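Undergrad:
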Amino acid sequence: MFIAALSLCATLAALPELTLPSAHAAATAHAAPAALPPGVTQGPSAEGITEYRFANGFKLLMFPDDSKPTVTVNITYLVGSRHENYGETGMAHLLEHLMFKGSPNYPAIPQEFSKRGMNFNGTTWLDRTNYYETFQAGDDNLRWAIAMEADRMLHSNIARKDLDTEMTVVRNEFEKGENSPTSVMLKRMQSVAYDWHSYGRSTIGNRSDIENVGIENLQAFYRTYYQPDNAVLLVAGKFEPAKVLQWVNQSFGRMPKPKRTLPQFWTVEPTQDGERQFTIRRKGDIQLVAVAYKMPSSLHPDANALAFAGAILADTPNGRLHKSLVQTGKASAVYYMQLNGVAPGLQIIAATVRAGADIEPVKQELVAAIESFAATPPTAEEMERLRRESANAFEKLLNNPQRLAVSMSGAIALGDWRLLFADRDNEQRVSPADVAAAAAKYFRRDNRTVGLYLPEDQPQRTDVPPAPAVASLLEQYRPRPPVAAGEAFEPAPGNIEQRTTLVAPGSAPHTALKLALLPKKSRGATVSVRLNLKFGDEKTLFGKKSVAGLTAAMLMRGNRQFNRQQLADEFTRLKISGNVYNFQTTRDNLAPAIRLVAEVLRHPRFDAAEFQQLKNETLATLEASRNEPEARAAEAVAQHFNHYPPGDWRAPQTLDERIAATQAVTLEQVRDFHRDFYGASHGELAVVGDFDPAAARSAIDAGFGGWDSAAPYARVLSTWADIPATRQEINTPDKENGVYYARQNVRLLDSDADYPALVVANYLLGGATLKSRLADRVRQQEGLSYGIGSGLYVGALSDAGNLSIHAIAAPQNLDKVDTAVREEIARITRQGFTQDELLRAKSGILQQRNQQRAQDGGIAGGWTALLDLDRTYLWQQQLDLKIADLTLEQLNAAARKYFDPAKMSVVLARDEAKAAQK
1 MFIAALSLCA TLAALPELTL PSAHAAATAH AAPAALPPGV TQGPSAEGIT EYRFANGFKL
61 LMFPDDSKPT VTVNITYLVG SRHENYGETG MAHLLEHLMF KGSPNYPAIP QEFSKRGMNF
121 NGTTWLDRTN YYETFQAGDD NLRWAIAMEA DRMLHSNIAR KDLDTEMTVV RNEFEKGENS
181 PTSVMLKRMQ SVAYDWHSYG RSTIGNRSDI ENVGIENLQA FYRTYYQPDN AVLLVAGKFE
241 PAKVLQWVNQ SFGRMPKPKR TLPQFWTVEP TQDGERQFTI RRKGDIQLVA VAYKMPSSLH
301 PDANALAFAG AILADTPNGR LHKSLVQTGK ASAVYYMQLN GVAPGLQIIA ATVRAGADIE
361 PVKQELVAAI ESFAATPPTA EEMERLRRES ANAFEKLLNN PQRLAVSMSG AIALGDWRLL
421 FADRDNEQRV SPADVAAAAA KYFRRDNRTV GLYLPEDQPQ RTDVPPAPAV ASLLEQYRPR
481 PPVAAGEAFE PAPGNIEQRT TLVAPGSAPH TALKLALLPK KSRGATVSVR LNLKFGDEKT
541 LFGKKSVAGL TAAMLMRGNR QFNRQQLADE FTRLKISGNV YNFQTTRDNL APAIRLVAEV
601 LRHPRFDAAE FQQLKNETLA TLEASRNEPE ARAAEAVAQH FNHYPPGDWR APQTLDERIA
661 ATQAVTLEQV RDFHRDFYGA SHGELAVVGD FDPAAARSAI DAGFGGWDSA APYARVLSTW
721 ADIPATRQEI NTPDKENGVY YARQNVRLLD SDADYPALVV ANYLLGGATL KSRLADRVRQ
781 QEGLSYGIGS GLYVGALSDA GNLSIHAIAA PQNLDKVDTA VREEIARITR QGFTQDELLR
841 AKSGILQQRN QQRAQDGGIA GGWTALLDLD RTYLWQQQLD LKIADLTLEQ LNAAARKYFD
901 PAKMSVVLAR DEAKAAQK
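Residue numbers (the working numbering): 1 to 918.
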């Protein structure tokens, strides 16, 4: 894009890799070679340039022109900084330097350049590296240049001794760039604007990579990319095509066809989801403000339209921003550039502001002018001026074969040298409407990255030191005595039952709680406590769900003795981890920990400021879930299966209802709820670990004895309802992930004969992580979901159970997940499970249950749940035996009886627009 190149060349002369040329002259007619060498074919020809292709993948472009007695040889390699890997930034450029260090046949390349009066250089950019020589026409010089380029393609020394000296040269080039505010701004802009794509790394690289890259890495990079199938040679100027083709064939054509496969790059930069801004603070004398917008590849038609927009805004002296900022004295200069290539790049518009001036108004005016550009499309005069300038620039380019040869590298890197000419023609066809449409599409707030360069005499930087050697950290370390090991405890239900002391509810001064005390030696003398308090009934709890939730959340925000921070410190001092209902401490701290927990439960502080903070946090959390697929799907399922009146303790609330109810709760209501409901009249408490039972009972009695709940207690049980199946789709815009939620009600008690079989059936359906019917199909075979699983809820006192299935997937894949789930359930009901599956499930389930009982906290939690139902661990033992004795016939009969896709309600929460992109 010559429009973009013109501004870039004028403004960023310090970055020669970015320079695009000017000028072209009509090529002198030359007869094509009469006969092509074996294996060479003629490719396309355009505007005086002809392409030749060799069997090994090498390409030659010849552009004969007798108007000047000079020749330019330019070789382009399709490798640049975007091909570098981690720890290798700057390597493409460093390798460019080493290519001048010679080869066995050409050990003194710079000396030969000097001897022959050749003008030479090499440049590295995002997608390509090129080397060129321009010299006096003549067979000796041209043949030498061709042979030299061929030899250093495959046989450059790339030696350690050369790296040792050239590294410091390249590092000094890096340091030179660090002195330039413009160069530093460009580096930071790349790194901030890009999250993942390698266009986010500066071509010069990172200092530590330049200093430390291994010669082996450079050699491997060289062997991979410096091969005939990855290079294009252009010869332009005064020469005889037949001779050049012969020399190139002798030098390049005879190279073997590479056997290696070039690496494939698949990283796609994600859509930017919000404006970004960064600040650079360094000593300096100017300020810079740069605004960048993600733009498409140079191959996309919008790239030309954006180049027009950039020039109309920031051209000197005709640009709109030049007139509004420079001519008014707000800025000293404005400029623009496109940093792009094969992959999507950046359109950058920047302004230079004198030191000490207020840069904020310049930034605001810059952004406003750019993002309102679509509303004020280019005028005919603006478009015509730019077309004329572009045409003139290209005409000059065609009149200068040397500059054309170098310019061609950019087009070659994009995929075809003819793109240089096609782009010239395409620019002339860009309309004002095209420019306005592209500006409206890309010059948008959420696609914007702003950089500020602010000179400062005393920057407040922090040099983060390197990690010390591990050995130095261990010099002063002296091992402490090992932590006391616990006993070898057998977690079988019978042993847990035998080792536990059960204490029935007592009367004051003893606690009314049911107690389970299991003293055992544990590692580190730890002890686990689980508490379950029960209060209220269906009538007294009606309409109080939000009040109850906020009351519970206020407990740890201070009590009558400690404020919130002091209470947290006291928990730390007593080595309490967890909360008032489920915590772990140590033997020596158990008694004071129980007393402290009782104090927290009985005498909360209910501080007004803490209550308002809690409400704000709760409301913010609720609002944050408004468009979350997970929350929306769960709400929809709960509402569909709800058959209770509003206000009932069992009735689920919608998000809006929860928000409204939370907003309505007062601190006085929280205090009243605690006074009317909290107490230890009904509940269970279990202690498992290293403790003294007598001391524990004494602390429990002291903490909870005589604390009665004022409200009557009766279980609030769910009731069975036969709910018709439904299928709902919920739109959650701008969410990359979707949620699948399915549920069917199951009428069953955990004491029913079918229960053990249904536990196993659920495990095989989706209860087992990664290895289940659903996981095999949806994750392993079809790769639709990161996670899919099923859950079974069956109660002891209410037969209102349910089977649920949950999965996440891309929005466009949720329908496939639904189909797969239904097909797998149908296959189970039709064909049943296998004996191998049954044996695997029995083994997995029983081992998981043993693992849960192997943890002290798991045993304590088991005891409170069992005591609540007037059960003991003998009930768990019986369930284990029933699972172990389960037959295949019982398993399949239960699956066919309870699994029914026709009764399954399904909710899909996803971005509908993304779902349509199938």
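Glycine included, every Cβ here is placed at the ideal spot set by N, Cα and C.
None of these values were measured; they are calculated from a predicted model.
1) Return the first residue and the last residue of the beta strand (DSSP E) that Lys514 is part of.
2) Would you report the Cα separation of Gln728 and Ala92, rounded to the nearest angstrom?
3) Tell me, which residues are paired with Phe583 by DSSP?
4) May I ask you to report which of helix, strand or coil DSSP gives Leu874?
5) Looking only at DSSP bridge pairs, what is Gly806 linked to?
6) Within 8 Å, do at least three Cβ pairs link the segment 700-719 to the segment 676-683?
7) Can you tell me the Cβ-Cβ gap for Ala516 and Leu502, rounded? I've got them flagged as a contact below 8 Å.
8) Does DSSP put Arg697 in a helix, in a strand, or in coil?
9) According to DSSP, is His24 helix, strand or coil?
10) For the putative contact between Val529 and Ala860, defined by C-beta atoms under 8 Å, what is the C-beta separation to the nearest angstrom?
11) Which stretch, first to last residue, makes up the alpha helix (DSSP H) that contains Phe63?
12) Is it true that the CB of Ala433 sits closer than 8 Å to the CB of Glu78?
13) Count Cβ pairs between the segment 259-274 and the segment 53-72 that sit closer than 8 Å; are there 3 or more?
14) Starting from Met383, trace the alpha helix (DSSP H) both ways and give me its first and last residue.
15) Quick check: what's the CA-CA separation for Asn745 versus Ala638?
16) What is the DSSP secondary structure of Gly766, counted as helix, strand or coil?
17) If you run the structure through DSSP and keep just helix, strand and coil, what is Gln917?
18) Tell me, please, whether the CB atom of Thr887 is closer than 8 Å to any CB atom in chain B?
19) Taking 8 Å as the cut-off, decide whether the C-beta atoms of Ile700 and Val760 are in contact.
20) Just the Cα atoms here: how many angstroms apart are Ser785 and Asn813?
21) Work out the CA separation of Asp870 and Ile849 for me, nearest whole Å.
22) If you run the structure through DSSP and keep just helix, strand and coil, what is Thr352?
23) To test your reading of the DSSP string, which unbroken beta strand (DSSP E) runs of 3 or more residues are found completely within the segment 78-128?
24) Could you give the DSSP three-state label for Ser51: helix, strand or coil?
25) Are there 16 or more other CB atoms within 10 angstroms of the CB of Glu384, so buried, or fewer, so exposed?
26) Please determine, among Gly862, Thr887, Asp885 and Leu886, the residue with the shortest C-alpha to C-alpha distance to Trp875.
27) From which residue to which residue does the beta strand (DSSP E) around Ser751 run?
28) What's the C-alpha gap between Pro16 and Lys283?
29) So is His603 buried or exposed if we call it buried at 16+ other beta carbons inside 10 Å?
30) State buried or exposed for Ala636, treating a residue as buried only when at least 16 other CB atoms are found within 10 Å of its CB.
31) Just to check my reading of the structure: Val687 and Ala696 have Cβ atoms closer than 8 Å, yes? What is that Cβ distance to the nearest angstrom?
32) With the cut-off set at 8 Å, would you say Gly90 and Tyr199 are in Cβ contact?
33) What number of angstroms, rounded off, separates the C-alpha of Gly795 from the C-alpha of Val670?
34) Start and end of the beta strand (DSSP E) containing Met337?
35) Taking Val248 and Thr76 to be in contact with their CB atoms under 8 Å, please state how far apart those CB atoms are, rounded to whole angstroms.
36) How many angstroms separate the CA atom of Gly791 from the CA atom of Glu88?
TA: The structure says:
1) Taking the sequence shown and counting its residues from 1, one reaches residue 514 at position 514. Start and end: Lys514 to Pro519.
2) Along the sequence shown, one-based indexing puts residue 728 at 728. Along the sequence shown, one-based indexing puts residue 92 at 92. Within the model, the alpha-carbon separation for Gln728 versus Ala92 is close to 54 Å.
3) As a first step, residue 583 is located in the sequence shown; it is residue number 583 there, counting from the start. DSSP, once it has assigned bridges, lists Val529 and Gly578 as partnering Phe583.
4) Here residue 874 refers to the residue found at position 874 of the sequence shown. Of the three classes helix, strand and coil, the one that applies to Leu874 here is helix, per DSSP.
5) Counting from one through the sequence shown, the residue named residue 806 turns up at place 806. Note that residue 806 is His in the sequence shown here, rather than Gly. DSSP, once it has assigned bridges, lists Tyr741 and Gly789 as partnering His806.
6) Yes: the two stretches touch, three or more of their Cβ pairs being nearer than 8 Å.
7) As a working mapping, residue 516 is identified with position 516 in the sequence shown. As a working mapping, residue 502 is identified with position 502 in the sequence shown. Going by Cβ atoms, the distance from Ala516 to Leu502 rounds to 6 Å, so yes, they are a contact pair.
8) Position 697 of the sequence shown, counted from the start, is the residue given in the question as residue 697. Of the three classes helix, strand and coil, the one that applies to Arg697 here is helix, per DSSP.
9) Indexing the sequence shown from 1 puts residue 24 at position 24. No answer about His24 holds up, because its pLDDT of 32 lies below 50 and its placement is not dependable.
10) By one-based count along the sequence shown, residue 529 stands at place 529. By one-based count along the sequence shown, residue 860 stands at place 860. The C-beta separation of Val529 from Ala860 comes to about 7 Å, placing the pair in contact by the 8 Å criterion.
11) Position 63 of the sequence shown, counted from the start, is the residue given in the question as residue 63. It is not in any alpha helix (DSSP H) - Phe63 instead sits in the beta strand (DSSP E) that spans Lys59 to Pro64.
12) As a working note, residue 78 is residue 78 in the sequence shown. As a working note, residue 433 is residue 433 in the sequence shown. According to the sequence displayed, residue 78 carries Leu and not Glu. The Cβ atoms of Leu78 and Ala433 do not sit closer than 8 Å to each other.
13) In this structure the segment 259-274 does not lie against the segment 53-72, because fewer than three pairs of beta carbons, one per stretch, are closer than 8 Å.
14) In the sequence shown, the residue the question calls residue 383 occupies position 383. Ala380 to Leu398 is the span of the alpha helix (DSSP H), which, as asked, contains Met383.
15) Residue numbering aside, residue 745 sits at position 745 when the sequence shown is read from its first letter. Residue numbering aside, residue 638 sits at position 638 when the sequence shown is read from its first letter. Near 12 Å, if we compare the C-alpha coordinates of Ala638 and Asn745.
16) Within the sequence shown, numbered from 1, the residue matching residue 766 stands at position 766. In the structure shown, Gly766 falls within a helical segment according to DSSP collapsed to helix, strand and coil.
17) As a first step, residue 917 must be located in the sequence shown, where it is residue number 917. Note: Gln917 maps to coil in three-state DSSP.
18) Protein chain content of the structure displayed is limited to a single chain, and chain B is not contained in it.
19) Residue numbering aside, residue 700 sits at position 700 when the sequence shown is read from its first letter. Residue numbering aside, residue 760 sits at position 760 when the sequence shown is read from its first letter. Taking 8 Å as the cut-off, the beta carbon of Ile700 is found no closer than this to the beta carbon of Val760.
20) Numbered from its first residue, the sequence shown carries residue 785 at position 785. Numbered from its first residue, the sequence shown carries residue 813 at position 813. The C-alpha of Ser785 lies about 8 Å from the C-alpha of Asn813.
21) To locate residue 849, count along the sequence shown from 1; it is residue 849. To locate residue 870, count along the sequence shown from 1; it is residue 870. The identity of residue 849 in the sequence shown is Arg, whereas the question assumes Ile. If I take the Cα positions, the gap works out to 20 Å.
22) Your numbering for residue 352 matches position 352 in the sequence shown. Taken through DSSP and simplified to helix, strand or coil, Thr352 comes out as strand.
23) At a cut-off of 3 residues, the continuous stretches assigned as beta strand (DSSP E) that sit fully inside the segment 78-128 are 119-124.
24) By 1-based counting over the sequence shown, the position of residue 51 is 51. A small correction: the amino acid at residue 51 is Glu; Ser does not occupy that position in the sequence shown. Residue state, collapsed to three classes: strand.
25) By one-based count along the sequence shown, residue 384 stands at place 384. Exposed, by the Cβ-count rule.
26) Along the sequence shown, one-based indexing puts residue 875 at 875. Across the set Gly862, Thr887, Asp885 and Leu886, the C-alpha of Gly862 shows the shortest separation from the C-alpha of Trp875.
27) Taking the first residue of the sequence shown as position 1, residue 751 is located at position 751. No beta strand (DSSP E) contains Ser751, which DSSP labels as neither H nor E.
28) Taking the sequence shown and counting its residues from 1, one reaches residue 16 at position 16. Taking the sequence shown and counting its residues from 1, one reaches residue 283 at position 283. Here Pro16 scores only 32 on pLDDT, less than 50, and its place in the model is too uncertain to base an answer on.
29) Translated into the one-based positions of the sequence shown, residue 603 becomes position 603. Exposed.
30) Translated into positions along the sequence shown, residue 636 becomes position 636. By the neighbour-count rule (16 or more Cβ atoms within 10 Å), Ala636 is buried.
31) By 1-based counting over the sequence shown, the position of residue 687 is 687. By 1-based counting over the sequence shown, the position of residue 696 is 696. Val687 to Ala696, Cβ: 5 Å. Contact.
32) As a working note, residue 90 is residue 90 in the sequence shown. As a working note, residue 199 is residue 199 in the sequence shown. Against a cut-off of 8 Å, the Cβ pair of Tyr199 and Gly90 comes out as no contact.
33) What you label residue 795 is simply residue 795 of the sequence shown in a count that begins at 1. What you label residue 670 is simply residue 670 of the sequence shown in a count that begins at 1. Rounded to the nearest angstrom, the two C-alpha atoms are 31 Å apart.
34) Position 337 of the sequence shown, counting from 1, holds the residue named residue 337. Its beta strand (DSSP E) spans residues Ala333 to Leu339.
35) Sequence index remark: in the sequence shown, residue 248 carries index 248 (1-based). Sequence index remark: in the sequence shown, residue 76 carries index 76 (1-based). Contact flag wrong, Cβ pair sits at about 14 Å.
36) As a working note, residue 791 is residue 791 in the sequence shown. As a working note, residue 88 is residue 88 in the sequence shown. Near 48 Å, if we compare the C-alpha coordinates of Glu88 and Gly791.
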